[in-house]
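**Student:**
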Ligand SMILES: Nc1ncnc2c1ncn2[C@@H]1O[C@H](COP(=O)(O)OP(=O)(O)OP(=O)(O)O)[C@@H](O)[C@H]1O
Ligand SMILES: [Mg+2]
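Okay, structure coming up:
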């Protein structure tokens, strides 16, 4: 009951972990920081420039008044003109000056100054270290920059006057306020737009990955032909797609091989079982003599032997493929081993009119190998050679030590293998001429077993053949497991 009402939050919790979200968050944070740093630094540069231009103006004015007080202390008209007219000429950037004598009596003052400014806010000249201006708020809310300075009267100085000077910076403050407004507007817009744009760009960028996932999801063992599109993708993704396609090629090939293999197994098992069944049914159809029963049983036994050999070959191949299969290595004299195999097949070769010989150099060829497996591999090659060599031909078994390891060769002067069949002879159940081979009892697993024995030893089997002239199979393997 409770699970029925449980809200599934997984799509959202999943969202935080998506690549799109992480990239978008990265873009957005980086973009915001960049915009913030750029606009904030511009703001501070602008503010300090405005401040220094104001301070420069105040310093100029102070300089002019000081010069006049020093050079023409009695010329009050000129001072009036300088202070009052200059101020009246400025419509927005009003500036105010008050001149006090040593006893703090007002000598001169810009008209309207006391209405605009709280004059008591001016610092006394004794406490001033320099002409440095400070912000000051006016009576009507305007902002000013103001300073108090001293000026020597006459030359040589007779007395010291105090100059109080202030300039209206409301206009510049307004400019800065507008800048701050746009600064925050831009930042807000960026914090909304960056994630949106970033998300769109990221989604577009990773769309190929989603397409790949969709295609991959469609692929099943019965639908292995499907491939991922590689055109129109960025280079990295195109190469990922083609690597994926190559993997599918390999999988498809393996699947095909396995299904062919299973069909071949079924076929090869069915034939002897059908034979046994058919012969038994015929035999049981009516009464038979002991001799007839003996013949049927003999034939059934033959088929049963075939079946059990086929099954043990299949089992061997299956085990050889397992990564857990170990090779039981021991010191093996390859020359002796070839002689042993030769002796085993000598009689049947002689019956077929074939000469079987071994050729090993003076130096013994010794390797750390699995004796039983190598015997089986060489035995399979010799049995093939004997089976496919007409009377009068010969089969030579050769062993050599090479720098890279051991080489064993089985060469015959038999009927050979057509060039087009050569690449397939190591495949399971492959027979060049199935009808002919079937007659000689072959199931097409012999060379596949040889190849897997070589693989277990870290080696390789190769075949070369010329139709009508003969076949040579070469086994190459390292001298020991450590090599
Ligand atoms: N020395 C050879 N000369 C000519 N053809 C060969 C020779 N060795 C192998 N072949 C061909 O390659 C095929 C595959 O050989 P393989 O040993 O795998 O199977 P097989 O001999 O038919 O059966 P099995 O060895 O399982 O009894 C053979 O059927 C045969 O046609
Ligand atoms: Mg064979």
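In the numbering used here, the protein residues as written are 40 to 522. Just so you know, even glycine gets a beta-carbon here, dropped at the ideal spot from N, CA and C.
#1: CB of residue 392 to nearest heavy atom of ligand 2: below 6 Å?
#2: Under 6 Å from any heavy atom of ligand 2, by CB: list those residues in chain order, please.
#3: Does the beta-carbon of residue 451, which I'm using as the reference point, lie nearer than 6 Å to any heavy atom of ligand 1?
#4: Since residue 444 and residue 493 should fall inside the 8 Å C-beta cutoff, what is the C-beta to C-beta distance between them, to a whole number of angstroms?
#5: For the beta strand (DSSP E) that contains residue 503, what are its first and last residues?
#6: Judging by CA-CA distance, which residue of 486, 431, 60 and 97 is the nearest neighbour of residue 514?
#7: So does residue 434 have its beta carbon nearer than 6 Å to some heavy atom of ligand 1?
#8: Of the residues 402, 308 and 300, which one's Cα is nearest the Cα of residue 356?
#9: Restricting to Cα atoms, I'd like to know which of 92, 237 and 369 is closest to residue 68.
#10: Pick from 243, 183, 131 and 82: whose alpha carbon is nearest that of residue 59?
#11: Would you report the Cα separation of residue 326 and residue 390, rounded to the nearest angstrom?
#12: DSSP three-state label for residue 379, please.
#13: Who are the near neighbours of residue 507 in its chain, counting only those whose CB is closer than 8 Å to its CB and skipping five residues on each side?
#14: How far does the alpha helix (DSSP H) with residue 408 in it extend, from its first residue to its last?
#15: Mark residue 247 as exposed unless 16 or more other C-beta atoms lie within 10 angstroms of its C-beta, in which case mark it buried.
#16: Please return the same chain residues whose Cβ sits closer than 6 Å to the Cβ of residue 371, not counting the five positions on each side in sequence.
#17: In the DSSP assignment, what are the bridge partners of residue 282?
#18: Compare the Cα-Cα distances from residue 362 to each of 118, 145, 496 and 156 and report the closest residue.
#19: To the nearest angstrom, how far is the alpha carbon of residue 261 from that of residue 286?
#20: Write down the C-beta distance between residue 430 and residue 400 rounded to the nearest angstrom, noting that I regard them as a contact closer than 8 Å.
#21: What residue range is occupied by the uninterrupted beta strand (DSSP E) comprising residue 172?
#22: Tell me which same chain residues have a C-beta within less than 7 Å of the C-beta of residue 441, skipping the five on either side of it?
#23: So residue 471 and residue 502 are supposed to be a Cβ contact under 8 Å. How far apart are they, rounded?
#24: Using the C-alpha atoms, what's the distance from residue 412 back to residue 365?
#25: What's the call for residue 131, buried or exposed, on a 16-neighbour Cβ count within 10 Å?
#26: From the DSSP output, in three-state form, read off residue 454 for me.
#27: Just mark residue 241 as buried or exposed, buried being the case when its beta carbon has 16 or more other beta carbons within 10 Å.
#28: Just verifying my parser: in three-state terms, what is the DSSP assignment at residue 33?
#29: Provide the residue(s) that pair with residue 134 in DSSP beta bridges, ordered along the chain.
#30: Check whether the segment 175-186 touches the segment 110-125, counting contact only when three or more Cβ pairs, one atom from each stretch, lie closer than 8 Å.
#31: Ligand 1 and residue 470: does the residue's C-beta get closer than 6 Å to at least one heavy atom of that ligand?
#32: Whole angstroms is fine: what's the gap from residue 421's alpha carbon to residue 447's?
#33: Would you tell me roughly how many angstroms separate the C-alpha atoms of residue 304 and residue 62, rounded to the nearest one?
#34: Can you tell me which of the three DSSP states residue 415 falls into?
#35: By DSSP, does residue 464 sit in helix, in strand, or in coil?
#36: Should residue 264 be labelled buried (16 or more other beta-carbon atoms within 10 Å of its own) or exposed?
**Tutor:** Here's the rundown:
#1: no
#2: 419, 422, 423, 481 and 485
#3: yes
#4: In fact, because the Cβ distance is near 11 Å, the residues do not count as touching under 8 Å.
#5: 499-505
#6: 486
#7: no
#8: 300
#9: 237
#10: It is 243.
#11: 39 Å
#12: DSSP places residue 379 within a helical segment (H, G or I) once states are collapsed to three.
#13: 454 and 455
#14: Segment 405-408 is the beta strand (DSSP E) holding residue 408; no alpha helix (DSSP H) there.
#15: buried
#16: 406, 408 and 410
#17: According to DSSP, residue 282 bridges with nothing at all.
#18: 496
#19: 16 Å
#20: With 8 Å as the limit, residue 430 and residue 400 do not qualify as a contact, their Cβ atoms being about 30 Å apart.
#21: Unbroken run through residue 172: none, as it is neither H nor E.
#22: none
#23: Not confirmed; about 12 Å, so no contact.
#24: 11 Å
#25: exposed
#26: coil
#27: Looking at its Cβ environment, which holds 16 or more other Cβ atoms inside 10 Å, residue 241 is buried.
#28: Since the first residue shown for the chain is 40 and the last is 522, residue 33 is missing from the structure and cannot be characterised.
#29: The partner list for residue 134 (beta bridge, DSSP) reads 206.
#30: Too few Cβ pairs lie closer than 8 Å, so no.
#31: yes
#32: 12 Å
#33: 54 Å
#34: helix
#35: coil
#36: exposed
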